[in-house]
Amino acid sequence: MNTHAIQSTDDAVPDNAHRDDLLASCVHCGFCLEVCPTYTLTGDENNSPRGRLRLWREEADGRLKQDPWTDFYTSECVGCLACESACPANVPYGEIFEQVRHTHVAAGRFKPKRMIRLAAAAIRYPALFNLALLPARILRRTGLLPHRFVFPGRPVVLKSTSTYARELMQQHRPQGPRVALLTGCLMEALFREINFATVRVLIENNVQVVVPPDQGCCGAFQEHSGLDGVDVLRQHNRKIFGELKLDAVVSNSAGCGLALGKTLKDQVPVRDVLGFLGEIQPVCRRRNPDETRVYVDLPCHLIHGQKASGIPSNVLDATGYRWELAPAARDCCGSGGIYNIEKPANSQEILRRKSEFLNTAEGNPVVLATSNHVCMMQWNSARATGIVKRPFKISHVIQLLDPGESLTVRNSDP
Ligand code: SF4
Ligand code: SF4
5 MNTHAIQSTD DAVPDNAHRD DLLASCVHCG FCLEVCPTYT LTGDENNSPR GRLRLWREEA
65 DGRLKQDPWT DFYTSECVGC LACESACPAN VPYGEIFEQV RHTHVAAGRF KPKRMIRLAA
125 AAIRYPALFN LALLPARILR RTGLLPHRFV FPGRPVVLKS TSTYARELMQ QHRPQGPRVA
185 LLTGCLMEAL FREINFATVR VLIENNVQVV VPPDQGCCGA FQEHSGLDGV DVLRQHNRKI
245 FGELKLDAVV SNSAGCGLAL GKTLKDQVPV RDVLGFLGEI QPVCRRRNPD ETRVYVDLPC
305 HLIHGQKASG IPSNVLDATG YRWELAPAAR DCCGSGGIYN IEKPANSQEI LRRKSEFLNT
365 AEGNPVVLAT SNHVCMMQWN SARATGIVKR PFKISHVIQL LDPGESLTVR NSDP
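Counting from 5, one number per residue, gives the positions in the sequence shown under the numbering used here.
Below, the structure written as structure tokens:
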């Protein structure tokens, strides 16, 4: 087992002059207001993208002293990036927000909750993080972890995705494009069944899959929280993925894929696995006609962050299920990386507005499918808090394409 820490170097110091230029790019048109979940929730201009940009700019220009208002409204932002998609002036809101949050954390103006600080420190040690979550994996595997905490699933407990992929590659020897899979830290430690399904789907579609065992966290958690360490993680992953001869790196988590895409730009393309499969027309699953209805939700970091138009319809058709986009599929679910921990009341209200349709949705069973494990956890909380009162399943879209047992390796660990 590799228990090394990803070694620390100096973290990036935000370039204030560059940020001031970016702040000046807002033309105050207000097109972003209606898509912003916190503006919709409060009707408060300061709680909108335009309002936050104005507060930051006034501080940067020295027209506003460091103000608790600015700190409060900065902390209220979900980080969904819907404002970027709506903006005709291409204001890079996400980049500005990350810099401001990092500055606020460094100056002590915003202190992420202890749980977030602990998690950010722990994921620098991927193998130990995996070990620490071993009991939780076992509890999920055995079905003993109450589903109000995490959505149901049966992850393999000991075997890593890297080992599994190597075994499956030797058995099936696909000859198509060669990709590396970003396994993600929480995904690999807790939701490994989704990584295993991803490997099976890729190999069934003749894609060569490598899973570097020494890959590190993508850095999304540090970006969301404003904590130090993102440059170290980026440097590490540039080395790990940059040394491989690849057609692409694929990710099954929209947020992780966005973060790694920034890291590997100019090195190797980082693709969302569903978008990648859409281009090679995945093998279709055959289903008996039944009452199952799949409602598809689109993660913010896929459509606003990675600027994907959505999840390809040929991929969704290939699941064999009757599917449709969830109402408000393009709206934020309120998760926002760390927002559901920092601002649980707002987060739940945003989710309530989005998820109530499930109470009366057609289908038996009803499946909510998306492509980001953090969104899956957020949807699961709708069940836990009683927003959605009827039973429904939560699935990653890749799991609906999974050939499952027909492609498993022999002697998989139980
Ligand atoms: S990132 Fe989302 S919550 Fe934050 S200002 Fe933009 S639209 Fe609003
Ligand atoms: S849409 Fe863009 S330019 Fe217009 S107010 Fe919002 S951030 Fe500024």
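Where a beta carbon is used, it is the ideal one built from N, C-alpha and C, also for glycine. Predicted, not measured: the structure shown is a model, and the values here were computed from it.
- In the three-state reduction of the DSSP assignment, residue 374 falls in the strand class.
- Beta-bridge partners assigned by DSSP to residue 297: 326 and 370.
- Here residue 252 carries a strand assignment [DSSP, helix/strand/coil].
- With contacts defined as CB atoms closer than 9 angstroms, residue 146 and residue 200 fail to qualify as a contacting pair.
- Within the model, the alpha-carbon separation for residue 268 versus residue 301 is close to 27 angstroms.
- Relative to ligand 1, the beta carbon of residue 259 is positioned no closer than 8 angstroms to any heavy atom.
- For residue 86, the shortest separation between its Cβ and any heavy atom of ligand 2 does not lie below 8 angstroms.
- Look at residue 162 here: in three-state DSSP terms it is coil, with no helix or strand label.
- Using a Cβ distance threshold of 9 angstroms, residue 120 and residue 345 count as a contacting pair.
- Here the stretch 270-280 makes contact with the stretch 304-321; the two share three or more CB pairs at distances below 8 angstroms.
- The Cβ neighbour count for residue 288, taken over all protein chains shown within 10 Å, is under 16; the residue is labelled exposed.
- By the neighbour-count definition (other C-beta atoms within 10 Å, threshold 16), residue 226 is a buried residue.
- Across the set 33, 35, 25 and 41, the C-alpha of 41 shows the shortest separation from the C-alpha of residue 335.
- By the criterion of a C-beta distance shorter than 6 angstroms, residue 50 is surrounded in its chain by 77, once the five residues flanking it on both sides are discounted.
- Beta bridge pairing from DSSP links residue 182 with 212.
- As computed with DSSP, residue 398 is found in a beta bridge with 372.
- Per DSSP, reduced to three states, the secondary structure at residue 357 is helical.
- The C-beta separation of residue 182 from residue 270 comes to about 19 angstroms, leaving the pair out of contact by the 8 angstroms criterion.
- In the DSSP annotation of this structure, residue 31 is not part of any alpha helix (DSSP H), being labelled neither H nor E.
- Following the DSSP letters along the chain, one finds residue 274 inside the beta strand (DSSP E) bounded by residues 274-276.
- In the three-state reduction of the DSSP assignment, residue 99 falls in the helix class.
- Here the stretch 184-194 lies against the stretch 211-221, with 3 or more beta-carbon pairs under 8 angstroms apart.
- Here the alpha carbons of residue 358 and residue 299 stand approximately 12 angstroms from one another.
- Distance check between residue 216 and each of 205, 169, 161 and 230 places 169 closest, using alpha-carbon atoms only.
- Within the model, the alpha-carbon separation for residue 65 versus residue 366 is close to 54 angstroms.
- Here DSSP, grouped into helix, strand and coil, assigns residue 391 to coil.
- Taken from the Cβ of residue 35, at least one heavy atom of ligand 2 lies inside 8 angstroms.
- The closest CA to that of residue 341, considering only 62, 81 and 34, is found on 81.
- Of all C-beta pairs linking the stretch 91-103 to the stretch 25-43, three or more are shorter than 8 angstroms, placing the two stretches in contact.
- Counting along the chain, residue 243 sits inside the alpha helix (DSSP H) bounded by residues 234-246.
- Judged by pairs of C-beta atoms under 8 angstroms, the stretch 145-163 touches the stretch 376-388, as three or more such pairs exist.
- For residue 115, no alpha helix (DSSP H) encloses it, and the DSSP letter there is neither H nor E.
- When C-beta atoms of the stretch 206-215 are compared with those of the stretch 316-328, fewer than three pairs fall below 8 angstroms, so the two segments do not count as touching.
- Per DSSP, the continuous alpha helix (DSSP H) segment holding residue 88 begins and ends at 86-90.
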